[in-house]
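Notes follow the structure.
Residue numbers (the UniProt record's numbering): 1 to 223.
Rendered as structure tokens:
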């Protein structure tokens with residue numbers, strides 16, 4: 001996605017969230033996603049300072065979709081547009097189940113659920129920066145709290161929003177996210193559901209179609 005946007009003329013910034021990637025902090029521990037949203041805002045402010053006057057579009061995938069949605073609710077007037085890919089909003093049955101358990105199960109994600117291009121799953125499995133262990137309970141609780149807060153905060157108003165999702169997404173099922181989209185949808189929502197696509201739509205077998213959809217949406221919004 002970043003490469004496609006850079007080729008299209010954009011400057012792209014992507015933070016490693018606290019406890020993720022190369023950032024400091026206990027691995028995959030997030031106690032409050034509001035803090036992560038504040039971190040993303042710091043990155044956006046840096047981008048604005050380095051590219052003054054350039055409109056800002058936020059793109060969030062999966063957990064990033066949760067963060068991006070909450071970001072848009074808090075900082076929407078500063079954004080030109082929002083793109084959500086397989087966002088964890090609305091209802092995620094995995095969270096409901098995990099909250100009932102005394103101990104977080106150590107069951108890794110099946111790489112085959114990421115994309116019909118199986119090399120994507122193989123790269124994921126081999127990536128040393130990917131966490132392959134269990135969820136942390138505070139993170140699961142933070143997911144639930146933020147999903148509830150997003151539903152409570154409601155509509156994104158006039159902010160142009162593109163929602164894309166794989167119809168065969170088994171990690172973040174379509175209908176659970178749809179409930180979240182309906183809770184936040186504003187006056188300008190574009191929906192694209194890709195038949196047969198799995199969770200990583202930017203890395204799917206039809207990724208050129210998906211990437212073109214995003215750049216066309218940005219072009220429309222920015223005129």
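Backbone N, C-alpha and C define an ideal beta-carbon position, used for all residues, glycine too.
Between the alpha carbons of residue 209 and residue 201 lies a gap of roughly 10 Å. Annotation: the continuous beta strand (DSSP E) that includes residue 59 extends over 57-61. For residue 69, the closest C-alpha among the options 136, 1, 78 and 88 is that of 88. Take the alpha-carbon of residue 30 and the one of residue 66: they are about 13 Å apart. Secondary structure at residue 9: coil, using DSSP grouped into helix, strand and coil. Of the residues assessed, residue 173 falls on the buried side of the cut-off, its CB having 16 or more other CB atoms within 10 angstroms. Within a 10 Å sphere around the beta-carbon of residue 81 sit 16 or more other beta-carbons, which makes this residue buried. In this structure, the straight-line span from the alpha carbon of residue 159 to that of residue 190 is close to 11 Å. By the Cβ rule, the segment 181-189 counts as touching the segment 153-172, because three or more pairs are nearer than 8 Å. A direct Cα-to-Cα measurement between residue 51 and residue 212 gives close to 24 Å. Note on geometry: alpha-carbon atoms of residue 57 and residue 79 lie some 6 Å from one another.
If you check the CB distance, residue 198 and residue 116 come in under 8 Å. Between residue 86 and residue 169, the CB-CB gap stays under 8 Å.
Non-local beta-carbon contacts of residue 2 in its own chain, meaning distances under 7 Å to residues more than five positions away in sequence, involve 12 and 14 in chain order. A Cβ-Cβ distance of about 5 Å is found for the pair residue 28 and residue 131, placing them in contact under the 8 Å criterion. Judged by beta-carbon spacing, residue 134 lies beyond the 8 Å limit of residue 111, meaning their Cβ atoms are not closer than that value.
Here the alpha carbon of residue 217 sits roughly 31 Å from the alpha carbon of residue 129.
Residue environment analysis places residue 22 among the exposed positions, since fewer than 16 neighbouring C-beta atoms fall within 10 angstroms of its C-beta.
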